[in-house]
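From first to last, the protein sequence lines stand for chains A and B.
Under the numbering used here, think of the first position of the first sequence as 2, with each following residue one higher.
Under the numbering used here, think of the first position of the second sequence as 2, with each following residue one higher.
Even for Gly, the Cβ is constructed at its ideal location relative to N, Cα and C.
Heads up: the structure comes next, in C-alpha cells.
2 protein chains.
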Amino acid sequence: MSSTRQTPTRRQFLHAIGLMGGTAAVYNLMTTFGHAAETRFPGPPKLAGARPGASVIVLGAGLAGMLAAYELEKAGYKVQILEYQARAGGRNWSLYGGDKFTEMGGATQTVGFAKGNYLNPGPWRIPHHHRTLLHYCKAFGVALEPFIQFNHNAYIHNSDAFGGAPQRYKSLAADFEGNIAELVGKAIDQKALDTQLTPEDLDRLKEALRGWGMLDKDMRYTKNLRSSEHRGYALPPGGGVNGAPQPSDLFPFDEVLKSGVWGQMAFFMNDEFQTTMFQPVGGMGMIGKGFAKQVGHLITYNAKVTKLFQDKAGVTVTYADTEKGGVTEAKADFCVCTIPLAVLSQIETNLSDKKTAAIQAVPYSNSVKIGLEMRRRFWEEDYAIYGGHSFTSQEIGLVSYPNFDFFKDGPAVLLGAFAGGPGGYRLAGMTPEQRIETALAQGSVFHPDSYRKEFSNGASVAWNRVPWVMGCCARWNEDTRREHYQELVALEDRVVLAGEHASYVGCWMEGALLSSIDAITRLHQRALQA
Amino acid sequence: MSSTRQTPTRRQFLHAIGLMGGTAAVYNLMTTFGHAAETRFPGPPKLAGARPGASVIVLGAGLAGMLAAYELEKAGYKVQILEYQARAGGRNWSLYGGDKFTEMGGATQTVGFAKGNYLNPGPWRIPHHHRTLLHYCKAFGVALEPFIQFNHNAYIHNSDAFGGAPQRYKSLAADFEGNIAELVGKAIDQKALDTQLTPEDLDRLKEALRGWGMLDKDMRYTKNLRSSEHRGYALPPGGGVNGAPQPSDLFPFDEVLKSGVWGQMAFFMNDEFQTTMFQPVGGMGMIGKGFAKQVGHLITYNAKVTKLFQDKAGVTVTYADTEKGGVTEAKADFCVCTIPLAVLSQIETNLSDKKTAAIQAVPYSNSVKIGLEMRRRFWEEDYAIYGGHSFTSQEIGLVSYPNFDFFKDGPAVLLGAFAGGPGGYRLAGMTPEQRIETALAQGSVFHPDSYRKEFSNGASVAWNRVPWVMGCCARWNEDTRREHYQELVALEDRVVLAGEHASYVGCWMEGALLSSIDAITRLHQRALQA
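See below:
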C-alpha cells in the first residue's frame with residue numbers, strides 16, 4: 002500500500018488536457034501518462050440526421066463498403082450496394098470444403114477440406130489495437146478467439162545457416178541476446194561506452210545485461226543450465242531419480258547471425274504483430290458474414306460496375322449483371338466507391354485528372370497463400386508446436402500452424418505458404434497443383450518425416466489472379482503518399498473513395514474501416530450542405 | 002523447390018543414433034538436428050503385469066497420487082487412496098462462487114464470484130512442453146484453451162522509474178533493444194569488438210543491429226516512425242484525410258534501465274514461460290476433476306494420515322476420519338506417499354534417518370494469490386489489454402488479466418496479486434479483507450480510474466495458511482539437492498515418495514506427474530522382485 006501514489010484519474014487528466022489543446026494534445030499527453038495512443042477509432046460515426054430523401058450508392062460489399070452502408074442507412078440515407086461477386090466480404094474471406102474458386106487464367110479449384118477446417122486467403126489475424134474492427138465484431142456478434150502470433154518453439158530456417166537445418170526460434174533468439182549482452186559487457190570493460198553513459202548507468206546496464214542475456218558471473222554467455230533456461234536443454238529437468246537436467250550446446254554466433262533471427266525478433270516487436278492477436282471463430286470470413294447480416298438487404302450481387310459518372314444532379318453508376326446479363330443504370334445523390342484501385346482504374350469515370358492519376362499511381366502487392374490439409378496434427382503431437390509460424394528463406398515464406406481445435410484428432414489445415422515478392426509471383430505463375438507440390442517440398446524442411454506422409458489435400462489463392470481485386474493490397478511509398486494520397490481520399494463533389502487503399506493502415510481491415518468512417522463523415526457533411 | 006535438401010527422416014536419424022548410444026545420445030543429437038529435447042515424458046508407464054494380489058496404498062489425491070493410482074490399478078494392483086480433504090486435486094484447484102475456504106488461523110471466506118468466474122490459487126498455466134500433463138488432459142477429456150502469457154501491451158510499473166508511472170512493456174522493451182543496438186554499434190565504430198569478431202561477422206552484426214534495434218541509417222536509435230513501429234506511436238496510422246501517423250518520444254535510457262524491463266524480457270524467454278501456454282477451460286481445477294473421474298472410486302476422503310510404518314510384511318497407515326471421527330489402520334503391500342514435505346515431516350513414520358532428514362531439509366515457498374472480481378472488463382475496453390500480466394515492484398507482484406471470455410460484458414476476475422517473498426508473507430499475515438484492500442490500492446497504479454470503481458468482491462489464498470500443504474511448493478537449492486535429493490526419491494523397501502518435491506520440475510504439475518511415473522515404475526520393479 003505504501004507505494005501507491007495519489008494521482009488524478011486518467012479521465013480527469015485527459016479531460017483537463019482536452020480543454021486546453023484538443024485531440025492532438027490529448028494524444029500526445031496520453032503518451033506521457035503511460036498510454037501511448039493506440040487507435041484512431043473514436044467510436045461509431047455520429048451521422049444523425051441525413052438530408053431528407055438523400056440517397057447513397059456504395060460500390061463494393063467489402064468491409065469498407067458494408068460499414069459505410071450500415072452507418073449511412075442508420076443515419077437515414079437511402080442506401081444501395083453494388084457487389085461484383087455473389088458473396089459479400091471482399092478480401093475478408095474463408096475457403097471451406099466444397100467451395101469452388103476460379104482464378105484469372107481459368108484454373109478452378111474445389112476445396113477438399115474436412116468440415117470445420119478452412120483457409121483464410123486474405124486477412125487472418127487481428128491486432129488488439131484494431132479497435133474499429135473489434136468494435137464492429139462485437140456489435141455484429143462475431144465471436145473471436147486468440148490467434149497465436151508468437152511461438153518460441155516454432156522454427157526458423159535459413160538456407161544459408163546451419164547447413165540448411167531449421168532451429169527453434171527460442172534457441173536462436175536466446176543465443177542472439179546472450180552474445181549481444183556479452184559484447185556490450187566487453188565494450189564496457191574496454192571503456193568504449195564511458196562517454197555514452199554515467200558510471201551509475203553503466204552499473205545498471207551491466208546488471209541488465211547479466212539478467213537479460215543470461216550471462217555468467219564473469220559476464221560471459223556460456224553453456225550452462227542458466228543459458229539453457231532460455232535456449233532449451235539437452236536434457237530437460239525431470240522427475241525422480243534421473244531428474245537432473247543437462248545444458249545444451251550454444252550455437253556458433255556467426256551461424257546465429259546468418260540465420261537472420263533478428264528479423265523475426267523485430268517482426269514480433271512490430272506494432273501490428275504484437276500480442277495479443279485474435280481471429281474469428283470459424284474463419285476470417287465470419288466477419289464479412291457478420292457485416293452482411295446487417296446490410297445484406299441493401300446488396301445487389303453479381304453487379305459489375307462499368308461506369309461511374311457524376312454531375313450537378315447526382316451520381317450515375319452503370320453495371321452489368323454477370324449472372325443474368327443486362328445492363329442497369331443506378332442513380333443516387335452520392336457515391337462511396339470502395340472498388341480496389343487496380344480494378345477502379347479500369348472503370349470509365351468522369352473523376353478529375355488528379356483523382357484519376359492518384360487511382361492509377363498505387364501499385365498492388367502480390368501474395369500467395371496455400372492451405373494444406375494434413376491427416377493429423379503432427380506439429381503438435383511430434384514437435385510441440387501449437388499455433389504460430391515457422392519461417393523459411395524459401396519462397397513459401399512460412400508454415401503457419403492452426404490456432405484452434407488444439408490437441409484434436411483428425412485432419413487440420415496448415416498455412417503452407419504466405420509468399421510475396423518474386424517467390425509470390427513464381428508461385429502465382431504455377432498451376433494450383435504445382436503450387437501445392439512446391440509447398441510440400443519446401444515445408445518438408447521443418448517436418449521431414451510427416452509433411453508428405455500426412456498430406457491429404459490443398460488449396461491456393463494467388464491474389465494477382467483474383468479477378469475482383471487483381472492484387473493483394475495497395476502499396477504506398479513515401480513519394481506516392483506525398484503526390485497522390487490527399488487527392489485520392491479527397492471528396493470530389495458527390496463521390497468519395499474508401500478502403501484500405503485510402504488509409505495509412507494499408508493491407509489491414511482496420512484501414513478499410515477507418516477510411517470508411519472518415520469518408521462517410523465527410524460525405525455526410527457535404528450532404529447536409531447540398 | 003530448389004532449396005529443399007535430401008535429408009534422412011527424423012525417425013530414421015534418431016533410430017540410427019539410438020542404436021549407437023542409447024537415450025542420452027538421442028537427446029544430445031536431437032539438439033544438433035534442430036530438436037532440442039523438451040520433455041522427459043516417454044509416454045504412459047508400461048507396468049503390465051502386477052504381482053498377483055499385490056496392493057498399494059497411495060497417500061494424497063493430488064495429481065501425483067491420482068496418476069500413480071490410475072496407472073497402478075491399470076497394471077492390476079489393488080489400490081486405495083487416502084486424501085485429507087473432501088476434494089481431490091490438491092493444489093490443482095479453482096475457487097468458484099459459493100465455495101468456502103477456511104485458512105489456518107481460522108478466517109473463512111465464501112467466494113462471491115459470478116457464475117463462470119474463478120480464481121486458480123495454485124497452478125494456472127501449462128507450458129507447451131509439459132507433455133505428461135498434456136497427455137493426461139487429453140486422455141481424461143480435460144479441454145484446454147490458450148493462456149495469454151505474453152502481452153506486449155500490458156504494463157510494467159517500478160516505483161523507482163518514471164516517477165512511479167507505469168509504462169507499456171512494448172515501449173520499454175523497444176527502447177531497451179534500440180539503445181543496446183546503438184551501443185553495440187558505437188562499440189564497433191570504436192573498434193572495441195574487432196578482436197571478438199571477423200570483419201564479415203561485424204558487417205552481419207551491424208545489419209542485425211539496425212534491423213533488430215530499429216536504428217536509423219546512421220545506426221542511431223531516434224524518434225521517428227521506424228522506432229514507433231516497435232514502441233508505439235504518438236498518433237497511430239489512420240484512415241482518410243488525417244491518416245498520417247506521428248512518432249512517439251523515446252524514453253530516457255536511464256529510466257528504461259531503472260524500470261527493470263530486462264527482467265520481464267528474460268522472464269518471457271524462460272523455458273517455462275515461453276509461448277504457447279494453456280489453461281483448462283473452466284479453471285485449473287478441471288484437471289483434478291478429470292483425474293478424479295478415473296480414480297474417484299479408490300479415494301477415501303477426509304482421511305488425515307497420522308502414521309506410516311512398514312515392515313517385512315507390508316505397510317500400515319493410520320488415519321483419522323476428520324468428518325465422522327474414528328481412527329483406521331489401512332494395510333497394503335506398498336505405499337506411494339505424495340504428502341507435501343511440510344506436512345509429511347509432522348507424520349510419525351519408521352522411515353530411515355536419511356530419508357527423514359531429506360523430508361525435513363526442503364523449505365516450502367510462500368505465495369499469495371488474490372482474485373478480484375470487477376463489474377466490467379475495463380482493461381480490455383479502456384486499455385486494450387487482453388490477457389497477460391502487468392508487473393509491479395509492489396508487493397502484489399502483478400495484475401494478471403483473464404484469458405477467456407474476451408470481449409464479454411459483465412463481471413470478470415482479475416488476478417490481483419501473485420506475491421512471494423517478504424511481500425507474500427506480509428499479505429499472508431493480513432486478514433482476507435486487508436489483503437483485498439492492499440490489492441486494490443496497489444493494483445490501482447495500472448488502472449487508476451477503474452480499479453476501485455469497478456471492484457465487486459474478492460478472495461485470497463495464502464499458501465502458508467493452507468492446512469493440507471502449509472506452503473506453496475518445495476524450494477530446493479544446490480546444496481539440498483546434493484545432500485538430500487537422491488535420499489528423498491529413493492525407494493525405501495516398500496515406500497516411495499512422489500510429487501513436485503520429488504522432481505527437478507519443482508512447483509509444476511508436470512514435476513508431480515514425472516515424479517509419479519518414475520516412482521511407480523521403480524515400485525513396480527520392486528513389487529515384481531518381492
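Beta strand (DSSP E) runs wholly inside the region 145 to 185 of chain A, at least 3 long, in chain order: 145 to 148, 156 to 158
CB of L299(A) within 7 Å of CB of Q81(A), strictly: yes
Residue range of the unbroken alpha helix (DSSP H) whose run includes H525(A): 510 to 530
Proximal residues of chain A, C-beta to C-beta of V414(B) below 7 Å: Per Cβ cutoff of 7 Å: no residues; V414(B) is ~18 Å from chain A at best.
Run of the alpha helix (DSSP H) containing H231(B), from where it starts to where it stops: 226 to 232
Pair within 7 Å by beta-carbon distance, T277(B) and I348(A): no
Beta-carbon proximity check, S368(B) vs G425(B), cutoff 7 Å: yes
K454(A), DSSP secondary structure in three states: helix
Three-state secondary structure assigned by DSSP to Q110(B): strand
Segment contact, 8 Å Cβ cut-off, at least three pairs: the region 479 to 489 of chain B with the region 121 to 131 of chain B: no
Of the residues W94(A), Q275(A), G240(A), the one placed nearest A385(B), counting alpha carbons only: Q275(A)
Test: P341(A) CB closer than 7 Å to a CB of chain B: no
C-beta neighbour in chain B for P423(A), strict 7 Å: no
Among K171(B), Q295(B), G398(B), the one whose alpha carbon lies nearest that of N271(A): K171(B)
Amino acids of chain A, ordered along the chain, whose beta-carbon sits closer than 8 Å to that of T111(B): Those do not exist, as T111(B) stays about 25 Å from chain A at its closest Cβ, beyond 8 Å.
Simplified DSSP state of G422(B), which is helix, strand or coil: helix
Whole-angstrom distance between S394(A) and S517(A), CA atom to CA atom: 37 Å
Residue from V462(A), V497(A), K139(A), L210(A) with nearest C-alpha to L1(A): Chain A is shown from 2 up to 531; residue 1(A) falls before or after that span and cannot be answered.
Three-state secondary structure (DSSP) of G386(A): Sequence inspection shows Ile at residue 386(A); the Gly mentioned does not correspond to that position. In the structure shown, I386(A) sits in coil (DSSP, three-state: anything other than H, G, I, E or B).
Pair within 7 Å by beta-carbon distance, F42(A) and T133(A): yes
Sub-7 Å separation of K308(B) and T323(B) beta-carbons: no
Contiguous beta strand (DSSP E) assignments of at least 3 residues, all confined to the region 256 to 328 of chain A: 278 to 281, 304 to 311, 316 to 322
Proximity of S229(B) and S249(B) at Cβ, strictly below 7 Å: yes
Reduced DSSP category for T24(A) - H, G, I as helix; E, B as strand; rest coil: For T24(A), the pLDDT reaches just 40, beneath the cut-off of 50, and the residue's location in the model is therefore unreliable, although a value from the coordinates is still provided. Reduced to three states, the DSSP call for T24(A) is helix.
Rounded separation between A413(B) and G389(B) - CA only: 14 Å
Check whether K370(B) and F419(B) have beta carbons under 7 Å apart: yes
Contact test: S229(A) Cβ vs the ligand MG heavy atom, cutoff 6 Å: As presented, the structure is devoid of all ligands, the ligand MG included, so that no description of it is given.
M270(A) at chain B interface by Cβ criterion, 7 Å: yes
Beta-carbon spacing of L173(B), V257(B) below 7 Å: yes
K409(B) to A166(A) span [Cα, whole Å]: 44 Å
Backbone CA spacing between G164(A) and V282(B) [nearest angstrom]: 42 Å
Through-space distance from N154(A) to L73(A), alpha-carbon basis: 47 Å
Short CB-CB distance (under 7 Å) between T276(B) and chain A: yes
Burial state of G422(B), where buried means 16 or more other Cβ atoms lie within 10 Å: exposed
Whole-Å CB distance - N138(B) paired with G291(B), under 8 Å assumed: Residue identity differs from the one stated: residue 138(B) is Cys in this sequence, not Asn. That belief holds up - the Cβ atoms of C138(B) and G291(B) are roughly 7 Å apart, short of 8 Å.
Classification of P147(A) by the beta-carbon crowding that lies within 10 angstroms, buried from 16 upward: buried
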